[in-house]
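S.K.: Sharing a structure here in structure tokens format.
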Amino acid sequence: MKNNKWKYDFRCYMCGRFVDLKDCDSAVPYGHYYDIDEPEKQYFCKSCVEDLKDEAISDGYLLDCFYRPPGYYYEVAKIIGWERVDGRWQEKKAVSQHGR
73 MKNNKWKYDF RCYMCGRFVD LKDCDSAVPY GHYYDIDEPE KQYFCKSCVE DLKDEAISDG
133 YLLDCFYRPP GYYYEVAKII GWERVDGRWQ EKKAVSQHGR
């Protein structure tokens with residue numbers, strides 16, 4: 073018999089629902105300067121990911137608040153024309169102006 077005890081032990085950071093690690097997105101936020109270890113991962117359920125994607129697309133920008141950004145950030149970046157340069161999200165045209 074397969075042991076599924078730990079399959080749904082993580083909760084969505086936004087809504088609190090239990091999430092399956094196979095079907096969720098995750099990110100590691102920036103911590104504080106006095107942290108010894110990096111902060112724990114934040115998990116997001118599919119429903120919240122769709123809401124966050126829609127919000128980021130309608131706002132037209134991405135926040136630089138994640139040490140390891142969630143997967144949906146890369147999808148949104150393609151849609152709004154941004155890319156990650158030196159750990160920061162920037163518009164593609166802004167990068168070319170500086171000659172990088």
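According to our numbering, the sequence shown is numbered sequentially starting from 73. Think of the CB as a built atom: it goes at the ideal place given N, C-alpha and C, for glycine as much as any other residue. Values in this document were obtained by computation on a predicted structure and should not be read as measured data.
Give every residue of the same chain whose Cβ lies closer than 7 Å to the Cβ of Asp95, excluding the five residues on either side of it in the sequence, and list them in chain order.
M.R.: Against the sequence shown, residue 95 aligns to sequence position 23. Only Lys118 meet the Cβ criterion.
S.K.: How would you call Ala166, buried or exposed, if buried means at least 16 neighbouring beta carbons within 10 angstroms?
M.R.: Numbered from 1 along the sequence shown, position 94 holds the residue referred to as residue 166. Residue confidence for Ala166 is low, a pLDDT of 48 falling below 50, so the modelled location carries little weight; the figure read from the coordinates is stated next. Per the 10 Å Cβ criterion, exposed.
S.K.: So, helix, strand or coil for Glu112, using DSSP?
M.R.: Counting from one through the sequence shown, the residue named residue 112 turns up at place 40. Looking at Glu112 - three-state DSSP - the assignment turns out to be coil, as it is neither helix nor strand.
S.K.: Pop quiz: Glu173 and Tyr133 are said to be a contact at Cβ under 8 Å. What is the actual Cβ separation, rounded to whole angstroms?
M.R.: This structure cannot speak to residue 173, because the chain is shown only from 73 to 172.
S.K.: Taking the C-alpha atoms as reference points, what is the distance between Asp97 and Asp123?
M.R.: Counting from one through the sequence shown, the residue named residue 97 turns up at place 25. Counting from one through the sequence shown, the residue named residue 123 turns up at place 51. Cα to Cα, Asp97 sits roughly 13 Å from Asp123.
S.K.: To which residues of the same chain is Pro142 closer than 6 Å at the C-beta, ignoring the five residues directly before and after it?
M.R.: For the purposes of this step, residue 142 is taken as residue 70 along the sequence shown, with counting starting at 1. If we look at Pro142 and ignore the five residues flanking it on each side, its Cβ neighbours are Asp97, Ala99.
S.K.: Identify the residues that DSSP records as bridge partners of Cys84: which are they?
M.R.: Against the sequence shown, residue 84 aligns to sequence position 12. Answer is Tyr115.
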